[in-house]
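Counting in numbering that gives the first Met the number 0, the sequence shown runs from 0 upward without gaps.
For glycine and all other residues, C-beta sits at the position ideal for the given N, C-alpha and C.
Report on one structure; see the data block that follows.
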Amino acid sequence: MSDKTPYLGNPQKTIEVIQKYDFAFQKKFGQNFLIDTHVLDKIISAAEITKDDLVVEIGPGIGTMTQYLACAAREVVAIEIDKMLIPILQDTLSAYDNVTIINEDVLKVDLNKLAEEKNGGRPVKVVANLPYYITTPIIMGLFENHVPLHSITIMVQKEVADRMRMGPGTKDYGALSLAVQYYAEPYLVANVPQNCFMPRPKIGSAVIKLTVHEKPPVTVRDEKLMFKLIRASFNQRRKTLANGLNNSPELHYSKEQIAEAIERLEVSPSVRGEALTLEQFAKLADVLLELEGK
Ligand code: SAM
Numbered sequence: 000m001s002d003k004t005p006y007l008g009n010p011q012k013t014i015e016v017i018q019k020y021d022f023a024f025q026k027k028f029g030q031n032f033l034i035d036t037h038v039l040d041k042i043i044s045a046a047e048i049t050k051d052d053l054v055v056e057i058g059p060g061i062g063t064m065t066q067y068l069a070c071a072a073r074e075v076v077a078i079e080i081d082k083m084l085i086p087i088l089q090d091t092l093s094a095y096d097n098v099t100i101i102n103e104d105v106l107k108v109d110l111n112k113l114a115e116e117k118n119g120g121r122p123v124k125v126v127a128n129l130p131y132y133i134t135t136p137i138i139m140g141l142f143e144n145h146v147p148l149h150s151i152t153i154m155v156q157k158e159v160a161d162r163m164r165m166g167p168g169t170k171d172y173g174a175l176s177l178a179v180q181y182y183a184e185p186y187l188v189a190n191v192p193q194n195c196f197m198p199r200p201k202i203g204s205a206v207i208k209l210t211v212h213e214k215p216p217v218t219v220r221d222e223k224l225m226f227k228l229i230r231a232s233f234n235q236r237r238k239t240l241a242n243g244l245n246n247s248p249e250l251h252y253s254k255e256q257i258a259e260a261i262e263r264l265e266v267s268p269s270v271r272g273e274a275l276t277l278e279q280f281a282k283l284a285d286v287l288l289e290l291e292g293k
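So, in structure tokens, the structure goes:
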């Protein structure tokens, strides 16, 4: 089985592959490849992959982490946008018969359909060293489209990992914190320094595991409305909650309705959105629906 032993997680092998294919790193695709076996081991063990699992990897690069995932999982689907990487992946993953490579922008892939076809609709595990320029759309897309997920174990910028775990009253608290907390339980696996990547990113990274809730921690009648309220509050962070909601093009409540809903929350009329908890946003959404007569 030695031909299936992962061999890419070090600088020498990565350089070898890159030179063999004359590959040029594309900044626009957020290409920073992992070159540290300890970090790879940590990600794989945190993801708790078994031979029952379908794993979706976003952005396999030259296939470094994919080799580890292929050894641990039943099946891996690796989605890579950069067509220059496809021949490389076909080479580095040739020993594994349980890997499918899709050359596509992950934001355009119907992951619900993929989970249905390849996993009978059962929850999949997402594992990725994410391209940082689209971290938030990727995570929000997975959640909002209700892709059947067990967990998401991902490398992100350190500050994004912080934002996911913050509560009200901190500068990092925002729409992403609330979405992550509504859908999942975040856990910081490890901080990862710049020298674990090639080329080195400018800022530190962190691996975070989001274990998806079977049931959200709060109940809300209209989840979409709650997220519209959250977005409206944080789009204008420095304004009061009332102003944020009044100014949002996504919302069409009267000033009076908004004032009354805030009063029903039993908070100050000049409260800022960033002071509200997830429970309070859920209540605000329910009250506004009620005021509409719904
Ligand atoms: N997994 C590899 C590793 O750890 O060495 C590469 C990680 S690198 C940070 C991000 C990868 O995502 C790159 O291979 C990049 O080409 C790919 N990527 C960027 N945007 C993407 C998109 N929209 N859809 C799919 N893959 C994308």
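Query	Result
Measuring alpha carbon to alpha carbon, tell me which residue in Gly119, Lys27, Leu39 is nearest aspartate 51.	Gly119
Which one of Ser176, Thr65, Leu209, Ile80 has the shortest CA to CA distance from alanine 45?	Leu209
Would you check if there are 3 or more beta carbon pairs closer than 8 angstroms linking the segment 215–225 to the segment 187–200?	no
Among Glu273, Val126, Val159, which one has its Cα closest to the Cα of threonine 152?	Val126
Is tyrosine 132 helix, strand or coil when you go by DSSP?	helix
Verify whether the separation of the beta carbon atoms of isoleucine 43 and threonine 91 is less than 7 angstroms.	no
The beta strand (DSSP E) that contains histidine 251, what's its start and end?	Note, histidine 251: premise wrong, no beta strand (DSSP E); not H, not E.
At the level of alpha carbons, what is the spacing between phenylalanine 32 and lysine 3?	20 angstroms
Once you ignore the five residues that flank glutamine 279 on each side, which residues in its own chain have a CB closer than 8 angstroms to its CB?	Leu264, Val266
Going straight from the alpha carbon of isoleucine 85 to that of alanine 94, what length do you get?	15 angstroms
Tell me the rounded alpha-carbon separation between serine 1 and cysteine 70.	Low local confidence applies: a pLDDT of 48 at serine 1 is under 50, so the model's placement there is unreliable, with the coordinate-based value given in what follows. Each residue's Cα considered, the two are about 11 angstroms apart.
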